[in-house]
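Engineer: Shown below is the structure under consideration.
Residue numbers (this note's numbering): -1 to 194.
Below you can see the structure in the form of structure tokens.
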């Protein structure tokens, strides 16, 4: 009998759940499909995570950690950073889809893992504040929120983007990216002007 590799099983379950939850959300996601995708028995899901809610939480934490590692902290080039965020979401829209499902699931209530996850954004707030010559306070946090929104919106709302521009943001990727970078640079320039 071959011993089970618990870490490999957990990894397979997280990968399968990532796809399932990105497609169907937590309410529509099914444990049996996750187990089938992972090639394991359904009871393994509960053995590793306890519940579908805990599995959803683990997937979100993992995806957010991966993105935090893969995207560098903003530097002097705010537009370039926002362009890289846009590229990352365009190459793999899973993160945005999961965050949209997260928002639908929890509504306006805090997610149970929200506070520790806020640390992912603290370094970005500090870096953007430093670049713009402002304090890393609520204003800087709102600027980062706006910059991330500029990067994510065309991917999160492709139908609306298409209705507004007459162009598909996926097939018109380069000009959409150029616009996103220009908007981010305009925000940064405006903030810098205010500091003069």
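Idealized CB from N, CA, C, for every residue including glycine.
Bear in mind that the values here come from a model prediction, so they are computed numbers and not experimental data.
#1: Is residue 38 helix, strand or coil when you go by DSSP?
#2: For residue 66, which of helix, strand or coil comes out of DSSP?
#3: Which residue wins for smallest C-alpha separation from residue 68, given the options 55, 57, 85 and 52?
#4: Taking all protein chains shown into account, do 16 or more other C-beta atoms lie within 10 angstroms of the C-beta of residue 158, making it buried, or fewer, making it exposed?
#5: So the alpha helix (DSSP H) residue 119 belongs to, where does it begin and stop?
#6: Relative to the C-alpha of residue 52, which residue among 66, 35, 19 and 37 is closest?
#7: Check residue 165 in the structure and name its three-state DSSP category.
#8: Roughly how many angstroms lie between the CA atoms of residue -1 and residue 15, to the nearest whole one?
#9: Can you tell me the Cα-Cα spacing of residue 155 and residue 36, whole angstroms?
#10: Three-state secondary structure (DSSP) at residue 48?
#11: Spell out a yes or no on whether the region 100 to 114 and the region 27 to 45 are touching, meaning 3 or more CB-CB pairs, one atom from each, closer than 8 Å.
#12: Is it buried or exposed for residue 191, if we count other Cβ within 10 angstroms and need 16 for buried?
#13: In the DSSP assignment, find the alpha helix (DSSP H) that holds residue 13 and state where it starts and stops.
#14: Do the region 73 to 83 and the region 173 to 185 meet, that is, are 3 or more Cβ pairs less than 8 Å apart?
#15: Would the beta-carbon of residue 99 fall within 7 Å of that of residue 48?
#16: With respect to the alpha helix (DSSP H) encompassing residue 174, which residues constitute its N-terminal and C-terminal limits?
#17: As a quick exercise: from 81, 118 and 87, pick the residue whose alpha carbon is nearest that of residue 63.
#18: Anyone know if the C-beta pair for residue 81 and residue 9 falls short of 7 Å?
#19: For residue 12 versus residue 57, is the C-beta distance shorter than 7 Å?
Structural biologist: This is what the structure holds:
#1: DSSP, reduced to helix, strand and coil, places residue 38 outside both helices and strands of the structure shown, so it counts as coil.
#2: Helix, per DSSP.
#3: Minimum Cα distance to residue 68 is reached at 85.
#4: Burial state of residue 158 is exposed, judged by a 10 Å Cβ sphere holding fewer than 16 other Cβ atoms.
#5: Taken as a continuous stretch (DSSP letters only), the alpha helix (DSSP H) holding residue 119 covers 117 to 130.
#6: For the residues 66, 35, 19 and 37, the minimum Cα distance to residue 52 belongs to 19.
#7: Residue 165 carries a coil assignment under DSSP once its states are collapsed to helix, strand and coil.
#8: Any reading at residue -1 needs caution, since the residue's pLDDT is 35, under 50, leaving its predicted position unreliable; the model's value is listed next. So the alpha carbons of these two residues sit roughly 27 Å apart.
#9: Their Cα atoms are separated by approximately 30 Å.
#10: In the structure shown, residue 48 sits in coil (DSSP, three-state: anything other than H, G, I, E or B).
#11: They do not touch, by the three-pair rule.
#12: So residue 191 counts as exposed.
#13: Segment 4 to 26, the alpha helix (DSSP H) holding residue 13.
#14: Flag = yes, the region 73 to 83 and the region 173 to 185 touch.
#15: Contact flag unset, no.
#16: Following the DSSP letters along the chain, one finds residue 174 inside the alpha helix (DSSP H) bounded by residues 171 to 193.
#17: Here the closest residue by C-alpha is 118.
#18: No, the Cβ-Cβ distance between residue 81 and residue 9 is not below 7 Å.
#19: Between residue 12 and residue 57, the C-beta gap is smaller than 7 Å, which places the two residues in contact.
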